[in-house]
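Remember, our numbering sits 9 above the position in the sequence shown when you count from 1.
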Amino acid sequence: MSLLAQDIMEPVLDGMAETDRILREEILTDHAESVLSLMQHVSQFSGKRLRPAMVHLCGGLVGSRDHELAVIGAMLEALHMATLLHDDVLDHARVRRKVPTLNALHGNQVPVLLGDMIYARTFDLSLKLPTLVAAREMSLMTQDLCRGEIDQSFFKFDGHPDEERYYRVIKGKTAAMFKSSCFLGIHYGGGTDAQAQTMARFGIDLGTAFQIIDDCLDVVGDERVAGKSLGTDLETGKVTLPVIRLARGLDAAGVASLKELLNDPNTGDRRARLRDEFPLEAAVRDCHEEADRFLRGCLDMLSGFPEGTERQSLLDLC
């Protein structure tokens, strides 16, 4: 973990340690040896742990460091892991966090079933909380995640880039979990409804910026640095913001060539061809500026909360 990330986590290290314990002892475990070995492998996919950190940091914004936050953090991290298992199957990914994906090792059936088991175990844990607010929020969030992924699967490049649809997709499949992390952290931390709604919007904007940058990595990133398979969006025909912004700067012939590259099943290495044949630099720069726009909105929303270590960590996270 980098020094910056360590500094961001500093105010919530105790809470994060409790989240890790709950995740390990109550979710990523099993009495069947075959399942336990898979759970142990999946635990390696827990990287930045942004979502549970945001739960604890948002709770700290309103002065709380309760055990309930640790439970919610574990639940959200587990759901995130389940989505990674399913995403790797959908994207045919071979590497995650610099280790082989379960689908690379065991085919598609095992990770799909394991992801389903983690989902079920997480919702079972939600019933141990004093209210059903977390269960309700995570149910709605899961619907948003699935809706976003389904919509994306039908979203193909037809020569007329639809940026509005792109944002609808990523606000479901990515930003929804950031939103829930912030909302539940404030709610279970004892904040007001207004504060919870403000930080829910913060989570949406932060998650949107996060996905834009992730989409940029997919086309221009280095797998050795990212620690995961890249180019999977291109290979599965997903329309991302770098592609949309690239298309905007092309003439009709260029758009036609881009459409052929993205949709022809015999096009070869799409990522290499995209980088070699099209002017990606300006499109990626536009995307970074767009992500910054969302992050500036996040900074504005934090200005309404009192100064403190948790607020500073959220500022640094942005």
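The beta carbon of each residue, even a glycine, is placed where N, CA and C say it ideally should be.
Measuring C-alpha to C-alpha distances from M310 to each of T318, H297, C327 identifies C327 as the nearest. In the same chain as G246, and ignoring 5 residues on each side of it, the C-beta atoms closer than 6 Å to its own belong to K165, in chain order. Closest in C-alpha terms to P274, from the list Y176, H95, E244, L289, comes E244. Leaving aside the five residues that flank R284 on each side, the residues in its chain whose CB is nearer than 8 Å to its CB run, in chain order, V228, V229. Inter-residue distance for G212 and P288 is about 32 Å (C-alpha atoms, whole angstroms). Going by C-alpha positions, V71 is about 25 Å away from A87.
Beta-bridge partners of P109 (DSSP): V104. When DSSP states are grouped into helix, strand and coil, K182 belongs to the helix group. Sorting D29, H65, P61 by C-alpha distance to the C-alpha of S52 places D29 at the top. The C-beta separation of L154 from A185 comes to about 6 Å, placing the pair in contact by the 8 Å criterion. Burial state of Q220 is buried, judged by a 10 Å Cβ sphere holding 16 or more other Cβ atoms. Contact between L78 and G194 is confirmed by a C-beta separation of about 6 Å, below the 8 Å threshold. Put simply, of D171, D278, M150 the residue whose alpha carbon is nearest the alpha carbon of K188 is M150. Non-local C-beta neighbours of E27 in its own chain, meaning closer than 6 Å and more than five positions away in sequence, comprise A79, ordered along the chain.
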